[in-house]
Amino acid sequence: MQIVHLFNVFNLSLYQWLWIVLAAFFIGFSKTGISSFMMPSIPIIASIFGGKESTGIMLPMLILGDIFALYYYNRHAEWNNIRKPLPWTIVGLILGVVVGNYVNDSQFKIFIAISVLICLFILIYTERKGEDFKIPQSYILYALTGMLCGFTSMIGNASGPIFSVYLLAKGFKKNGFMGTTAWFFFIMNASKVPLQIIFWHNIHLKTIFFAVSMIPAIAVGALLGVLFIKKINEKLFHKIILVVTAIGAIKLLI
């Protein structure tokens, strides 16, 4: 009876629920494994709920995934690389709120894809240069990273690849990468909640209930992500992020 009631509340078919469970699994896996694996979740949920509405559906799920990530990696964060882009991230979030009222879903996807592909090109270039390439420690780097992450997160929950490029280009190793990513996204996603409630009106008790119903799928994904990340070496870890990020960015353009 409870399962039937849950179906009635959201007016979804069994087929749609299966896709949503898969998306929730990807969210959990991305938070503790490879962050870019969240990219498939974006078109899945958007196709079921619509563009702006899907961001409200996904946000509570993302925060639950962030909590799992913090449980496993909270001690490994490098706070200097969180604090510096964070104020600019808030600027990007506010810009995303404003633009979100005027830009349609297709334009959202194109902007996100182009941003990710540019960052991906920069990362490939830096890795080819190796130790000869030095990241300039300037406020411009942190400002661009923060604003792009905030904006793309607000309009499409797709800032994971951008932040991955930022950390990899700065030479982060696995544990530092995961811990810094976990804290950054938890803070950013928590900051988005009041913005989406006040300005977009797309987070309600119904969306919270929806996220809670997805905890088992998110938890399974998070557990498998932890097991996966422990088995993989640094070089392969970087390559997988590059490949999955490229696929996700190209997918948004199609």
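Positions 50 to 303 (the working numbering) are the ones given, in order, by the sequence shown. We put the CB at the ideal spot given by N, CA and C, even for glycine. What you are looking at is a predicted structure, and each value in this text was computed from that prediction instead of being measured.
Q | Inter-residue spacing [alpha-carbon to alpha-carbon] between Ser253 and Trp232 | A | Residue numbering aside, residue 253 sits at position 204 when the sequence shown is read from its first letter. Residue numbering aside, residue 232 sits at position 183 when the sequence shown is read from its first letter. Residue identity differs from the one stated: residue 253 is His in this sequence, not Ser. Distance between the alpha carbons of His253 and Trp232 is about 25 angstroms.
**Q.** the region 127-135 in contact with the region 93-108 per 3-pair CB rule at 8 angstroms
**A.** No, the region 127-135 does not touch the region 93-108.
Q. Would you call the region 226-244 and the region 115-123 in contact, with 3 or more CB pairs under 8 angstroms?
A. yes
Q: Give the straight-line distance between the Cα atoms of Leu276 and Tyr151, rounded to the nearest whole angstrom.
A: The residue you call residue 276 lines up with position 227 of the sequence shown. The residue you call residue 151 lines up with position 102 of the sequence shown. The straight-line gap from Cα to Cα measures roughly 42 angstroms.
Q.
So within the region 191-254, which uninterrupted alpha helix (DSSP H) runs reach at least 4 residues, ignoring any that extend past its ends?
A. Complete alpha helix (DSSP H) runs here, min 4: 209-218, 223-244.
Q) Starting from Val70 and walking both ways along the alpha helix (DSSP H), at which residues does that stretch end? A) As a working mapping, residue 70 is identified with position 21 in the sequence shown. Counting along the chain, the alpha helix (DSSP H) containing Val70 begins and ends at 63-81.
(Q) Please identify the residue among Ser262, Gly220, Ile143 whose C-alpha is closest to the C-alpha of Ile106. (A) The count along the sequence shown starts at 1 and reaches residue 106 at position 57. Comparing Cα positions, the closest option is Ser262.
**Q.** Ala298 classed as buried or exposed, judged by whether at least 16 other C-beta atoms fall within 10 angstroms
**A.** For the purposes of this step, residue 298 is identified with residue 249 of the sequence shown, where counting begins at 1. Counting Cβ neighbours within 10 Å, Ala298 comes out buried, since at least 16 surround it.
**Q.** When Ala271, Lys288, Asn282, Leu291 are compared against Phe117, the one with the closest alpha-carbon
**A.** Your numbering for residue 117 matches position 68 in the sequence shown. Of the candidates Ala271, Lys288, Asn282, Leu291, the one whose C-alpha sits nearest the C-alpha of Phe117 is Ala271.
Q: Can you give me the Cβ contacts of Gly274 inside the same chain, cut-off strictly under 6 angstroms, excluding the 5 residues immediately before and after it?
A: Indexing the sequence shown from 1 puts residue 274 at position 225. Result list for Gly274: Phe78, Thr81, Gly82, in chain order.
Q. How many Å lie between Leu142 and Val148 at the Cα?
A. Counted from its first residue, the sequence shown places residue 142 at position 93. Counted from its first residue, the sequence shown places residue 148 at position 99. If I take the Cα positions, the gap works out to 10 angstroms.
(Q) Distance check for Glu102 and Ile52, CA to CA, integer angstroms please. (A) The residue labelled residue 52 in the question sits at position 3 within the sequence shown. The residue labelled residue 102 in the question sits at position 53 within the sequence shown. Confidence at Ile52 is low in this model, with a pLDDT of 47, below 50, so the placement of that residue should be treated as unreliable; the coordinate-derived value is given next. It is roughly 23 angstroms from the alpha-carbon of Ile52 to the alpha-carbon of Glu102.
Q) So, helix, strand or coil for Trp137, using DSSP? A) Taking the first residue of the sequence shown as 1, we reach residue 137 at position 88. The answer is helix: DSSP assigns Trp137 an H, G or I state.
Q: Run the CB neighbour count on Tyr113, radius 10 Å, all protein chains shown included, and call it buried at 16 or more, exposed below.
A: Walking along the sequence shown from the start, residue 113 turns up at place 64. It is worth fixing the name first, because residue 113 is Leu in this sequence and not Tyr. Looking at its Cβ environment, which holds 16 or more other Cβ atoms inside 10 Å, Leu113 is buried.
**Q.** Secondary structure of Tyr151, DSSP reduced to three states
**A.** Sequence index remark: in the sequence shown, residue 151 carries index 102 (1-based). Residue state, collapsed to three classes: coil.
**Q.** Presumed contact (8 angstroms Cβ cut-off) between Leu111 and Asn206, rounded CB distance
**A.** Start at 1 with the first residue of the sequence shown, and residue 111 comes out as number 62. Start at 1 with the first residue of the sequence shown, and residue 206 comes out as number 157. With 8 angstroms as the limit, Leu111 and Asn206 qualify as a contact, their Cβ atoms being about 6 angstroms apart.
Q | Of the residues Ile289, Lys219, Ile211, the one placed nearest Phe234, counting alpha carbons only | A | Taking the first residue of the sequence shown as 1, we reach residue 234 at position 185. Answer by Cα proximity: Ile211.
Q: Give the single residue among Ser208, Ala73, Gly220, Met203 whose Cα lies nearest to the Cα of Lys284.
A: Here the question's residue 284 lines up with position 235 in the sequence shown. Cα-wise, what sits closest to Lys284 is Gly220.
Q) Looking at the structure shown, is Pro89 part of a helix, part of a strand, or coil, going by DSSP? A) On the sequence shown, residue 89 is found 40 positions in, with the first residue counted as 1. Look at Pro89 here: in three-state DSSP terms it is coil, with no helix or strand label.
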